[in-house]
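Heads up, the thing below is written out as structure tokens.
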Amino acid sequence: MVPVTIVEPAVKTYIACSGILALKVMGMSLLTARMRFKKKVFANEEDTNVKGSVVKYDDPDVERVRRAHLNDLENIPVFWVVGALYLTTGPSDEVAINLFRVYTAGRILHTLVYAVTPLPQPARGIAFGIPYWITIYMGVKVICHYFNSV
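Here you go:
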């Protein structure tokens, strides 16, 4: 195993990007709430004290934001695990830093083109695909590194 210390530039970048992504995931709850108030549609009766609001489970705009949030919850935790493991393989700082930054930018862009200002495909596919393939790349590097050292 390659020793990993917090002073390495790649580790610092991973930590910073992880913090950004954690705040992004949390921000999706606020984005959902904003859309609910804007549309005056809520999932619980007790939340409908805003005049003209209703309980509704299938508002397309609210559901779009919720799907974007779910997509984050399906992908970002995997990045956290695989990215941390990738750092133990001794990657070049330049490659690792670029992977972490592009992943983070891609996930932010994904939210923008999916939930904030929906754009037609292939915008969302690209914004989803690049970070997805980065995670696969890092996962394959981890597997190859540790299978070759057995």
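Counting from 1, position 62 in the sequence shown corresponds to residue 91 in our numbering; the numbering is continuous, with no gaps.
Note that beta-carbon positions come from the ideal geometry of N, C-alpha and C, so glycine has one too.
This structure is a prediction, so every number in the text was calculated from the model and none was measured.
Taking a C-beta distance under 8 angstroms as the contact criterion, D122 and P38 qualify as a contact pair. By a beta-carbon distance limit of 8 angstroms, C46 does not contact R153. Their separation comes to about 21 angstroms.
A distance below 6 angstroms between beta-carbons, with the five flanking residues on each side excluded, links A97 to the following residues of its chain, in chain order: T140, Y143 and A144.
Here V83 carries a strand assignment [DSSP, helix/strand/coil].
The Cβ-Cβ distance between L116 and V40 falls below 8 angstroms. Contact between I126 and L50 is ruled out by a C-beta separation of about 15 angstroms, above the 8 angstroms threshold. Bridge partners of F71 according to DSSP: V84.
If you draw a 10 Å sphere on the C-beta of V110, you find fewer than 16 other C-beta atoms in it, and that means exposed. 8 angstroms or more divides the Cβ of V94 from the Cβ of T146. When the alpha-carbon of E75 is set against those of K67, V84 and V171, the nearest one is in V84. Annotated as distal: D90 and K53, with beta-carbon spacing of 8 angstroms or more.
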